[in-house]
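> Below is a structure I'd like to ask you about.
Numbering (the numbering used here), first residue to last: 1 to 442.
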């Protein structure tokens with residue numbers, strides 16, 4: 001894989017360190033937190049239900065509220081190894097390390113070997129990637145499938161849009177969508193990029209590849225949507241998209257997650273079913289958007305800030321109910337070193353990654369990366385922002401870091417572009433300064 005033995009030794013040493021850190025994060029997490037932490041508890045209960053042969057159900061009730069692939073995967077592991085969450089968490093370790101290998105592959109296709117080792121190593125040592133392995137969340141599986149789709153897309157371009165590779169790309173994208181419905185960003189970005197941006201390739205080949213890709217994706221997601229149509233009377237991926245839209249678009253919206261009893265009373269009672277509540281929430285959100293468009297747009301700044309806030313809040317997920325109070329109070333109860341060890345690396349990765357994309361006008365498939373970042377931002381503007389939402393974008397920013405090692409970057413960037421870049425980086429720094437002041441209670 002690597003021509004240089006020294007580089008190969010360094011990379012596999014980083015892999016070993018990355019594995020050790022992830023396993024340590026799993027075993028250092030307080031016992032029992034996973035089973036009672038918000039969101040994790042529901043994924044865990046659904047996985048238990050799958051393992052017991054009771055179907056995709058939550059507390060005895062058939063559900064489609066949560067995306068299916070991760071809890072179903074965990075349920076199969078529980079069938080094989082017992083109802084402990086550890087097998088799924090160990091699978092997270094494997095997937096996270098595999099993601100590093102895929103990032104290495106993305107880098108190898110674009111940069112020198114040294115840079116590809118650096119990019120893979122950054123992911124292996126990225127604190128949030130380590131912590132997510134200890135959380136019973138969808139993120140680790142989702143990011144693995146996202147980066148795998150990018151690698152397959154590279155292969156599709158190399159093979160001149162061969163239909164077999166397009167089918168594989170559709171299947172991987174479908175699995176990502178089943179892991180988290182926001183994976184639709186992947187599908188949409190590939191359609192736009194292949195169909196409208198890669199115009200130098202033959203049009204017939206490109207659109208045939210798109211058709212095959214869409215077919216492959218449909219083969220993967222259609223059975224689950226059919227199951228939901230039968231089980232909960234809704235032909236959809238999940239029953240929370242309308243509620244997420246409502247959370248970000250109502251008179252009391254903050255730009256981040258806020259769904260309390262006042263919001264709940266605006267929706268039909270639980271007895272009416274998940275689909276009825278989701279449809280009602282979507283209608284209320286669109287009503288707010290149409291009647292109070294200006295207020296909705298004003299929330300975009302907050303949503304953007306929450307999207308790009310640091311990874312410090314991951315400690316609140318990691319320790320769960322063991323930390324009490326508001327998010328700021330929870331984080332203030334931790335040693336400052338804990339916050340710095342996750343906040344500073346994240347900030348550096350974002351600043352350098354953004355610099356790479358801004359200063360370099362062209363590098364292989366630059367457009368697909370920028371398009372995906374843009375589409376995720378648009379989805380956040382429509383729904384709400386949260387620190388977890390930027391995690392799938394971090395591999396894309398690592399590619400931006402790799403570009404900075406090209407000497408041509410600084411020589412060709414005009415002064416005005418450097419000035420605008422400084423203003424952009426200042427905006428991110430302002431977001432993080434405000435976040436730190438909020439945590440500190442200033």
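Each residue gets a CB set at the ideal place from its N, CA and C atoms; glycine is no exception. Predicted model only: the values in this text are computed from it and were never measured.
Taking the alpha-carbon positions, what's the residue 246 to residue 38 distance?
Answer to the nearest angstrom: the Cα atoms are 19 Å apart.
> Hey, out of 18, 440, 46, whose CA is closest to residue 92's CA?
Ranking 18, 440, 46 by Cα distance to residue 92 puts 18 first.
> Between residue 279 and residue 242, is the Cβ-Cβ spacing less than 8 Å?
Contact flag set, yes.
> Tell me which same chain residues have a C-beta within less than 8 Å of the C-beta of residue 189, skipping the five on either side of it?
Here the set comprises 368, 371, 372, 375.
> Among 186, 57, 244, 97, which has the Cα closest to the Cα of residue 23?
Considering only alpha carbons, the answer is 97.
> Residue 108 lies in the alpha helix (DSSP H); which residues open and close that run?
86-108 is the span of the alpha helix (DSSP H), which, as asked, contains residue 108.
> Return yes when the Cβ of residue 192 is within less than 8 Å of the Cβ of residue 183, no when it is not.
Cβ distance not < 8 Å, so residue 183 and residue 192 don't count as in contact.
> Could you tell me whether the region 343-350 touches the region 120-131, where touching means 3 or more Cβ pairs closer than 8 Å?
Cβ pair count under 8 Å is three or more, so yes.
> If we count the other Cβ atoms within 10 Å of its Cβ and call it buried at 16 or more, is residue 238 buried or exposed?
With 16 or more Cβ atoms within 10 Å of its Cβ, residue 238 is classed as buried.
> With a threshold of 16 other CB atoms inside 10 Å of the CB of residue 67, please say whether the residue is buried or exposed.
So residue 67 counts as buried.
> Contact check, residue 215 vs residue 174 under 8 Å by CB: the rounded distance?
Not a contact, Cβ separation roughly 10 Å.
> Considering only their Cβ atoms, is the gap separating residue 383 from residue 244 smaller than 8 Å?
Yes, the pair counts as a contact, with Cβ atoms nearer than the cut-off.
> Nearest to residue 36 by alpha carbon, out of 350, 114, 256, 317?
For residue 36, the nearest C-alpha among the options comes from 317.
> Below 8 Å, can you find three or more Cβ-Cβ pairs linking the region 288-300 to the region 4-11?
Too few Cβ pairs lie closer than 8 Å, so no.
> In its own chain, which residues sit with a C-beta less than 6 Å from the C-beta of residue 62, not counting the 5 before and 5 after it?
Taken in chain order, the residues that qualify are 231.
> Measuring straight from C-alpha to C-alpha, what distance separates residue 194 and residue 326?
Between residue 194 and residue 326, the C-alpha separation is close to 45 Å.
> Taking residue 53 as the reference, which of 34, 41, 74, 65 has the closest Cα?
The candidate whose alpha carbon is nearest that of residue 53 is 74.
> Nearest CA to the CA of residue 273: which residue from 129, 396, 394, 229?
Ranking the options by Cα distance to residue 273, first place goes to 229.
> When you compare only the Cα positions, how much space is there between residue 430 and residue 308?
Distance between the alpha carbons of residue 430 and residue 308 is about 11 Å.
> Would residue 113 pass as a contact of residue 2 if the rule is Cβ separation under 8 Å?
Cβ distance < 8 Å, so residue 113 and residue 2 count as in contact.
> Among 313, 210, 100, which has the Cα closest to the Cα of residue 163?
For the residues 313, 210, 100, the minimum Cα distance to residue 163 belongs to 210.
> Taking the straight line between their C-alpha atoms, what separation do you get for residue 403 and residue 81?
Cα to Cα, the separation comes out at about 44 Å.
> Between the C-alpha atoms of residue 128 and residue 328, what's the straight-line distance to the nearest angstrom?
Rounded to the nearest angstrom, the two C-alpha atoms are 18 Å apart.
> For residue 58, does the three-state DSSP call read helix, strand or coil?
Three-state DSSP puts residue 58 in a strand.
> How is the alpha helix (DSSP H) around residue 174 delimited, first residue to last?
163-179 is the span of the alpha helix (DSSP H), which, as asked, contains residue 174.
> Confirm, please, whether the CB-CB distance from residue 392 to residue 143 is below 8 Å.
Yes, the pair counts as a contact, with Cβ atoms nearer than the cut-off.
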